[in-house]
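Chemist: Numbering of the sequence shown is given in this note's numbering, commencing with residue 5 and proceeding in unit increments. Backbone N, C-alpha and C fix where the C-beta goes; we use that ideal spot for every residue, glycine too. If you're wondering where the values come from, they're calculated on a predicted model, not measured in any experiment.
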Amino acid sequence: MKSFKEIICSKCKNPVPIQDIKYVQDKKESPRILCSSCREEKKENVSRVLKKQSENPKKSYHCLRCTYDFKVNPSKADINCPYCGKSDRIKENKIVPIDAILKDS
Ligand SMILES: [Zn+2]
Ligand SMILES: [Zn+2]
Numbered sequence: 005m006k007s008f009k010e011i012i013c014s015k016c017k018n019p020v021p022i023q024d025i026k027y028v029q030d031k032k033e034s035p036r037i038l039c040s041s042c043r044e045e046k047k048e049n050v051s052r053v054l055k056k057q058s059e060n061p062k063k064s065y066h067c068l069r070c071t072y073d074f075k076v077n078p079s080k081a082d083i084n085c086p087y088c089g090k091s092d093r094i095k096e097n098k099i100v101p102i103d104a105i106l107k108d109s
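(1) Quick one: any contact between the segment 63-79 and the segment 18-38, if contact means 3 or more CB pairs under 8 Å?
(2) Within a Cβ cutoff of 8 Å, which residues of the same chain sit near residue 43, ignoring the five residues on either side of it in sequence?
(3) For ligand 2, list every residue whose C-beta falls under 6 Å from any of its heavy atoms, going in chain order.
(4) Considering Cα atoms alone, identify which of 11, 75 and 85 is closest to residue 106.
(5) Mind checking who residue 12 pairs with in its DSSP beta bridge?
(6) Measure the CB-CB distance between residue 69 and residue 90 and report whether it falls below 8 Å.
(7) Would DSSP call residue 36 helix, strand or coil?
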């Protein structure tokens, strides 16, 4: 019978059985040893970010003060013109089709 081995997860610092461990290679970081629950957490975070981005596509706005067109995430409470910093003369550009915005970004 094989001996039961445990490895310390590099995230939660808990000893976890070796069969529950995987090496995770991030783009910038060196490989990390993660247990299954930490891997699940990681996956969840990524999908949540992706979902958030697709639910809130940037909308096109136009500032009447400086006739400046810009795109901003409409989930922000106040939309300010990046050019003059004011929010009182902002108009939403509704004529722009959604797929044009997506292609453009
Ligand atoms: Zn862990
Ligand atoms: Zn402006």
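Modeler: According to the structure data:
(1) No: the two stretches stay apart, fewer than three of their Cβ pairs being nearer than 8 Å.
(2) 26 and 28.
(3) Cβ atoms closer than 6 Å to ligand 2 belong to 67, 69, 70, 72, 85, 87, 88 and 90.
(4) In terms of Cα proximity to residue 106, the closest of 11, 75 and 85 is 75.
(5) Residue pairing for residue 12: DSSP places it in a beta bridge opposite 19.
(6) Cβ distance < 8 Å, so residue 69 and residue 90 count as in contact.
(7) When DSSP states are grouped into helix, strand and coil, residue 36 belongs to the strand group.
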